[in-house]
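The opening position of the sequence shown corresponds to residue 1 in UniProt numbering, with each subsequent residue numbered one higher.
Positions of the beta carbon are idealized from the N, C-alpha and C atoms, including for glycine.
Take a look at the structure set out below.
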Amino acid sequence: MMTSSLMMYSSMYLYSNNMQIMIEWSIFKMNSLNFEFIILLDWISMLFSSIVLLISSMIMIYSSIYMNSSNYNFKFIMLLITFILSMILMINSPNIMSIILGWDGLGLSSFCLIIFYQNWQSYNSGMITIITNRIGDVAIIISMSLSLSYGSGNTFLSNFMNNHMILFIMLAAMTKSAQFPFSSWLPAAMAAPTPVSALVHSSTLVTAGIYLMIRYNMYIYTNNLSTKMLLLLASLTMLMSSMSAIFEFDMKKIIALSTLSQLGLMMSMLMLNLKYLALYHLLTHALFKSLLFMCSGIIIHNSFNNQDIRLLSMMNYSNPFISSALMISFMSLSGFPFMSGYYSKDLIMETMLMSSTNKISLMMLFMASIFTVMYSIRVCYYCINSKIYNSYIPPITNMSENLIMNLSIMPLTLLSIISGSMMNWMFFSNYTPSIILPINLKTLMIFISLSGIILFMYMKMMKLMKMKFLTHMFKSLWFLNNFNKNLHPYTLHYSEKFYENLEKGWLEHLISKNLLNLIKMLKSYYINKINTMNMLKFSMILIIMFIMPFLFMMIFYL
Numbered sequence: 001m002m003t004s005s006l007m008m009y010s011s012m013y014l015y016s017n018n019m020q021i022m023i024e025w026s027i028f029k030m031n032s033l034n035f036e037f038i039i040l041l042d043w044i045s046m047l048f049s050s051i052v053l054l055i056s057s058m059i060m061i062y063s064s065i066y067m068n069s070s071n072y073n074f075k076f077i078m079l080l081i082t083f084i085l086s087m088i089l090m091i092n093s094p095n096i097m098s099i100i101l102g103w104d105g106l107g108l109s110s111f112c113l114i115i116f117y118q119n120w121q122s123y124n125s126g127m128i129t130i131i132t133n134r135i136g137d138v139a140i141i142i143s144m145s146l147s148l149s150y151g152s153g154n155t156f157l158s159n160f161m162n163n164h165m166i167l168f169i170m171l172a173a174m175t176k177s178a179q180f181p182f183s184s185w186l187p188a189a190m191a192a193p194t195p196v197s198a199l200v201h202s203s204t205l206v207t208a209g210i211y212l213m214i215r216y217n218m219y220i221y222t223n224n225l226s227t228k229m230l231l232l233l234a235s236l237t238m239l240m241s242s243m244s245a246i247f248e249f250d251m252k253k254i255i256a257l258s259t260l261s262q263l264g265l266m267m268s269m270l271m272l273n274l275k276y277l278a279l280y281h282l283l284t285h286a287l288f289k290s291l292l293f294m295c296s297g298i299i300i301h302n303s304f305n306n307q308d309i310r311l312l313s314m315m316n317y318s319n320p321f322i323s324s325a326l327m328i329s330f331m332s333l334s335g336f337p338f339m340s341g342y343y344s345k346d347l348i349m350e351t352m353l354m355s356s357t358n359k360i361s362l363m364m365l366f367m368a369s370i371f372t373v374m375y376s377i378r379v380c381y382y383c384i385n386s387k388i389y390n391s392y393i394p395p396i397t398n399m400s401e402n403l404i405m406n407l408s409i410m411p412l413t414l415l416s417i418i419s420g421s422m423m424n425w426m427f428f429s430n431y432t433p434s435i436i437l438p439i440n441l442k443t444l445m446i447f448i449s450l451s452g453i454i455l456f457m458y459m460k461m462m463k464l465m466k467m468k469f470l471t472h473m474f475k476s477l478w479f480l481n482n483f484n485k486n487l488h489p490y491t492l493h494y495s496e497k498f499y500e501n502l503e504k505g506w507l508e509h510l511i512s513k514n515l516l517n518l519i520k521m522l523k524s525y526y527i528n529k530i531n532t533m534n535m536l537k538f539s540m541i542l543i544i545m546f547i548m549p550f551l552f553m554m555i556f557y558l
């Protein structure tokens with residue numbers, strides 16, 4: 001908590017004085033290649049680090065009660081600390097060579113946290129997460145290799161970046177931030193404990209890709225075709241996740257899908273070269289989304305680990321403070337006027353109306369915003385309404401509010417209300433574009449909120465949840481989950497066959513067992529011929545023997 005306050009003060013000082021502090025450590029040099037470890041302290045990294053540490057400190061307090069029944073509480077805390085340190089390292093690393101340390105640390109520690117409960121569901125979720133994130137890790141390694149081909153990894157100090165390196169960085173950001181078609185791992189990661197979800201899906205793992213794109217935005221925006229493509233994919237992610245959340249009944253999955261929708265919104269802003277608006281929404285989203293996960297965790301914890309929203313009711317009687325915090329976080333998520341999410345979300349929508357955005361992406365954004373209001377009202381309706389969905393299951397009434405959990409939620413509840421206006425006055429007022437719109441477009445957020453309420457009531461009356469095909473399609477992320485589930489077994493099956501038949505079969509027989517005999521035979525043959533052959537002919541034969549493999553590779557692989 002004190003470190004977070006110190007970093008916030010440092011961010012204000014660096015911002016007001018327009019300063020940057022760079023700490024450089026040269027590891028070793030090899031010819032013209034220089035391996036360096038760099039730490040960059042500017043107002044962006046300090047502000048983001050302060051938010052991460054604030055949320056982490058609240059989650060540590062929250063975990064002391066939530067995980068007190070676990071036999072591996074100390075191991076859980078150590079994994080959380082490793083995860084947080086990896087994120088801080090990645091935030092303060094501008095160099096691609098130092099970024100990869102925090103990037104890999106995030107992937108490994110998140111995998112260990114997701115499989116913490118050690119059951120079949122957590123193992124499957126961890127496998128999907130690690131396989132998807134490995135694609136991004138490979139892309140980061142390739143981009144690092146390309147940067148080293150220029151003699152240094154300090155690409156942020158130059159005005160030029162290879163187009164191939166830009167594409168690999170975009171691929172890495174897409175996998176880490178779960179953009180389409182890599183979206184299925186994020187809802188699956190809900191098998192982790194709720195404190196992990198509050199940390200992973202608010203300000204750390206899923207935002208690592210967005211933060212990487214913020215750092216390299218000046219290079220990425222120059223690649224016009226890639227930005228247009230990624231803008232459409234981000235808009236599609238936003239629409240798909242918000243529609244899927246309407247048909248989902250698992251409370252944690254609904255919140256995870258809302259995170260996916262907001263990540264698509266941030267990625268869209270980055271593709272329009274509005275990195276400061278994306279950072280603004282990233283910070284406000286981190287606060288109210290961590291609050292949302294913590295409130296849902298308390299409700300699930302007090303409901304005997306029940307996550308179905310149809311079986312949660314009368315929370316306003318049993319947990320009045322938690323119900324109020326849940327309502328505040330959902331209001332901020334929906335962009336309710338004068339909440340923290342309103343300032344960034346309303347600004348993003350007005351900027352998109354002012355910019356030359358293609359109409360398809362703009363329409364997807366407005367539809368996703370309406371659906372966000374719909375599923376927010378839906379969750380609040382099921383959790384607070386006194387009429388339970390299933391009349392055979394009585395409402396839970398023996399809940400009690402825990403003082404320590406409430407203390408961890410209070411600062412985040414306050415910041416979910418005031419952080420949007422506070423950060424706008426302190427940091428982002430200079431980066432806000434001038435917006436001139438007619439009154440009907442200025443009141444668009446109010447219209448979207450009303451449209452979401454009306455559509456929720458209409459959907460409830462039409463009973464769309466009873467349409468099984470529609471429900472299955474949206475709950476499986478437009479059948480994306482089915483595709484990933486069927487793809488992985490086939491991939492592993494064919495890799496196993498390849499290993500058995502080729503590596504342990506023909507290659508083992510031809511190379512490992514017979515190569516030594518072949519070398520001995522050639523050695524005895526040519527030693528006997530040396531006495532009778534001309535030395536020049538012998539040299540020519542050796543040269544041809546060495547050149548032929550390279551000629552073969554050039555013919556068939558180039």
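* Nearest-angstrom Cα distance between Met97 and Met240? -> 34 Å
* Does the beta-carbon of Leu6 have 16 or more other beta-carbons within 10 angstroms, so that it is buried, or is it exposed? -> The residue in question, Leu6, is exposed, as its Cβ has fewer than 16 Cβ neighbours within 10 Å.
* **Three or more C-beta pairs below 8 Å linking the stretch 171-178 and the stretch 258-271** => Counting C-beta pairs closer than 8 Å gives three or more between the stretch 171-178 and the stretch 258-271, which meets the contact rule.
* Would the stretch 287-297 and the stretch 408-415 be scored as touching if the rule is three or more Cβ pairs under 8 Å? -> yes
* Check whether the stretch 186-204 touches the stretch 268-276, taking contact to mean three or more Cβ pairs, one atom from each stretch, closer than 8 Å. => no
* **Other residues of its chain near Ser353: CB distance less than 7 Å, five sequence neighbours each side excluded** => The amino acid at residue 353 is misidentified as Ser; the sequence shows Leu. Excluding sequence neighbours, Leu353 sits near Leu437 and Leu441.
* Asked: Leaving out five residues before and five after Thr82 in sequence, what residues of the same chain have Cβ atoms less than 6 Å from its Cβ?
  -> Taken in chain order, the residues that qualify are Ser109.
* Asked: Can you tell which of Tyr9, Phe456 and Leu347 has its C-alpha closest to the C-alpha of Leu277?
  -> Leu347
* DSSP state of Asn217, grouped into three classes? -> helix
* To do: Pick helix, strand or coil for Met331, following the three-state DSSP scheme.
  => helix
* Would His164 be called buried (16 or more neighbouring beta carbons within 10 Å of its own) or exposed? -> Label assigned to His164: exposed.
* To do: Kindly identify the DSSP beta-bridge partner or partners of Glu24.
  => DSSP, once it has assigned bridges, lists Ile38 as partnering Glu24.
* Give every residue of the same chain whose Cβ lies closer than 8 Å to the Cβ of Ile91, excluding the five residues on either side of it in the sequence, and list them in chain order. => Ser45, Phe48, Ser49, Val52, Gly102 and Tyr211
* **First through last residue of the alpha helix (DSSP H) which encompasses Phe48** => Trp43 to Tyr66
* **Candidates Asn302, Ser340 and Ser242: closest to Leu477 by CA position** => Ser242
* **Boundaries of the alpha helix (DSSP H) in which Asn316 is found, first to last residue** => Met315 to Ser318
* To do: Inspect the CB distances between the stretch 59-78 and the stretch 21-37 and report whether three or more fall short of 8 Å.
  => no
* To do: Tell me whether the beta-carbon of Ser421 lies closer than 8 Å to the beta-carbon of Ser332.
  => Not closer than 8 Å, so no.
* **Close Cβ partners of Met22 (< 6 Å) along its chain, the five nearest in sequence each way excluded** => Leu40
* Asked: Nearest to Leu205 by alpha carbon, out of Leu167, Leu113, Thr227 and Lys29?
  -> Leu113
* To do: Could you tell me whether the Cβ atoms of Met238 and Leu362 are closer together than 8 Å?
  => Contact: no.
* **Selected residue, minimal CA-CA separation from Ile166, among Trp185, Ser183, Asn302 and Gly136** => Gly136
* Asked: For Ser400, which of helix, strand or coil comes out of DSSP?
  -> Note on Ser400: pLDDT 48, under 50, position unreliable in the model; the coordinate value appears next. DSSP places Ser400 in coil when its eight states are reduced to three.
* Asked: What does DSSP give as the partner residues of Asp308 in its beta bridges?
  -> Asp250
* To do: May I have the straight-line CA-CA distance separating Ile404 from Phe321, to the nearest angstrom?
  => Straight-line Cα distance between these residues: approximately 13 Å.
* **Cβ shell of Leu480 (< 7 Å), same chain only, five flanking positions each side left out** => Pro181, Ser183 and Ser184
* Could you give the C-beta distance for Leu326 and Cys383, rounded to a whole number, given that I count them as a contact under 8 Å? -> 7 Å
* From this set, Asn162, Ser10, Ile99 and Ile140, which residue's C-alpha is nearest Tyr150's C-alpha? -> Comparing C-alpha distances from Tyr150 to each of Asn162, Ser10, Ile99 and Ile140 shows the shortest one belongs to Asn162.
* Where does residue 599 sit, in a helix, a strand or coil, going by DSSP? -> Nothing can be reported for residue 599, as the shown portion of the chain is limited to 1 through 558.
* In or out: Met445 buried (at least 16 other Cβ within 10 Å) or exposed? -> buried
* Just curious, the alpha helix (DSSP H) that Ala286 is in, first and last residue? -> Lys275 to Asn302
* **Sequence-distant residues of its chain with Cβ nearer than 8 Å to Ile140 (five each side left out)** => Ile96, Ile99, Ile100, Trp103, Phe168, Ile169 and Ala172
* Reduced DSSP category for Met243 - H, G, I as helix; E, B as strand; rest coil -> helix
* Asked: Is the beta carbon of Ser202 less than 8 Å from the beta carbon of Lys289?
  -> yes
* Helix, strand or coil at Tyr72 [DSSP, three-state] -> Tyr72 falls in the coil class under three-state DSSP.
* **Limits of the unbroken alpha helix (DSSP H) element including Pro187** => Trp185 to Ala188
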